[in-house]
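Numbering (my numbering), first residue to last: 1 to 319. Where is the CB? At the ideal position from N, CA and C, for every residue including glycine.
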C-alpha cells in the first residue's frame, strides 16, 4: 500500500470524525474537555466544595480550638440563632440587619449608576478610552488600601473632604465615620467609588452586542431616547443585567473590608455586618461551630434572595 493511499484514508477518517462531532454524535476524544476543566475542578473542590462540606460538618459540633474534644451538638447551633435570649441571638440578627441595610442602600446605586456610566462610555467621543480606564482604575486597589485612604480623607477634624466643604461654606464638620446616618453614607459612597468601574465594564460589554440597526429602526418608528432605552437597550442587556444584580447583591451582603477598616463596626456596633460578627465569633472567640452555623444561615438567605431576584427579572422580561 502506498504512502499516498494511507494519507488519504487517514484524512477521510478525520473528516468523518469531525462530521460526527458536528452532528452531536460520539466525540473522537471524550476525555479532552475534562483535561481542560481539570485545573478549575481541582481548585473548586479544594477551595470551595471541600471547605463548604467541612463547614457544614463543623456547624454540628461545639467546635473550639482549645478544647481536646469537640462535642456533637446536632442542630443546637442553628436553633440558638432563632431562640431569643441565647448568646448570639440579638447580636447576630443585629449584624444581619446591618448587612441587609447596606444591601438595600448600596445595590440600587451600584446597579443603576454604572449603567448610566456605561451608556455614556458606549458613545463615540474623543478620550473615551481614557475615561473607561479612569472609572475602572479604583477597582484595582485592594479593600485595605481603599479603606485606609478614605478613613483619612473622611476624618472629621483633619480630613480633606470636610476641609473642602468648609472652604466652600457648604457645611460644618460632618462626622462621616462616627454618627448615623453619615457612617452609612460614607460606606455606600466609598463602595460605589471603588466598584463602579467593574459593573460599568460588564454593562459596556453587553451594550456593544446590541445591533445599531435596532436603534436606527426604533428612531425611524419615532421612538425617543427613553423608549429606545426601555425597548431596545434593556431587553438587549437583560442577561447582563441579571448577572450584575445578582453578583452585586452577593458582594454587598458579604461586605467586610470597608466597615472593618473604616469604622470597626462603630458607632456602637451599628455597622458591624454579618461577616464581621462571624469572624469575631470564629476567630476571636474560637467558637467555630456557631460561626459555621451563622455562615450557612447567611448563605441560605442569599440563595433565597437570588432565586427571587432571578424570578422577578425573568418574569419582567417575559411581560
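Range of the contiguous alpha helix (DSSP H) that encloses residue i
i	result
residue 250	238-253
residue 113	89-121
residue 272	Per DSSP, residue 272 belongs to no alpha helix (DSSP H) and is neither H nor E.
residue 49	Counting along the chain, residue 49 falls outside any alpha helix (DSSP H), and DSSP gives it neither H nor E.
residue 257	257-262
residue 209	First-last for residue 209: undefined, no H or E at that position.
residue 150	143-153
residue 281	First-last for residue 281: undefined, no H or E at that position.
residue 133	128-136
Residue j beta carbon less than 8 Å from that of residue i
i	j	result
residue 237	residue 269	no
residue 272	residue 95	yes
residue 121	residue 131	yes
residue 210	residue 183	no
residue 109	residue 192	yes
Through-space distance from residue j to residue i, alpha-carbon basis
i	j	result
residue 197	residue 126	19 Å
residue 286	residue 151	29 Å
residue 119	residue 180	34 Å
residue 257	residue 147	7 Å
residue 300	residue 189	28 Å
residue 60	residue 74	5 Å
residue 40	residue 86	41 Å
residue 262	residue 32	49 Å
residue 279	residue 224	51 Å
residue 220	residue 226	15 Å
residue 214	residue 135	28 Å
residue 293	residue 267	26 Å
residue 195	residue 117	12 Å
residue 30	residue 46	24 Å
residue 216	residue 235	16 Å
Residue nearest to residue i in terms of C-alpha spacing, selected from the options
i	options	result
residue 112	181, 241, 252, 307	241
residue 290	263, 33, 81	81
residue 144	260, 281, 287	260
residue 386	105, 43, 133, 67	Only positions 1 to 319 of the chain appear in the structure, and residue 386 is not among them; the question remains open.
residue 208	124, 165, 98, 162	124
Minimum Cβ-Cβ distance from residue i to chain B less than 8 Å
i	result
residue 159	Considering every chain present, this structure includes no chain B. It has just one protein chain.
Cβ contact (3+ pairs, closer than 8 Å) linking the region 69-89 and the region 150-165
Taking a contact to require three or more Cβ pairs closer than 8 Å, the region 69-89 and the region 150-165 do not qualify as touching.
Closer than 8 Å is the cut-off here; do at least three beta carbon pairs connect the region 238-258 with the region 293-313?
Short answer: they touch.
Spell out a yes or no on whether the region 247-257 and the region 88-103 are touching, meaning 3 or more CB-CB pairs, one atom from each, closer than 8 Å.
With a cut-off of 8 Å, the region 88-103 and the region 247-257 count as touching, because enough Cβ pairs lie within range.
Are the region 187-202 and the region 132-143 touching by the rule of at least three beta carbon pairs closer than 8 Å?
With the cut-off at 8 Å, the region 187-202 and the region 132-143 touch.
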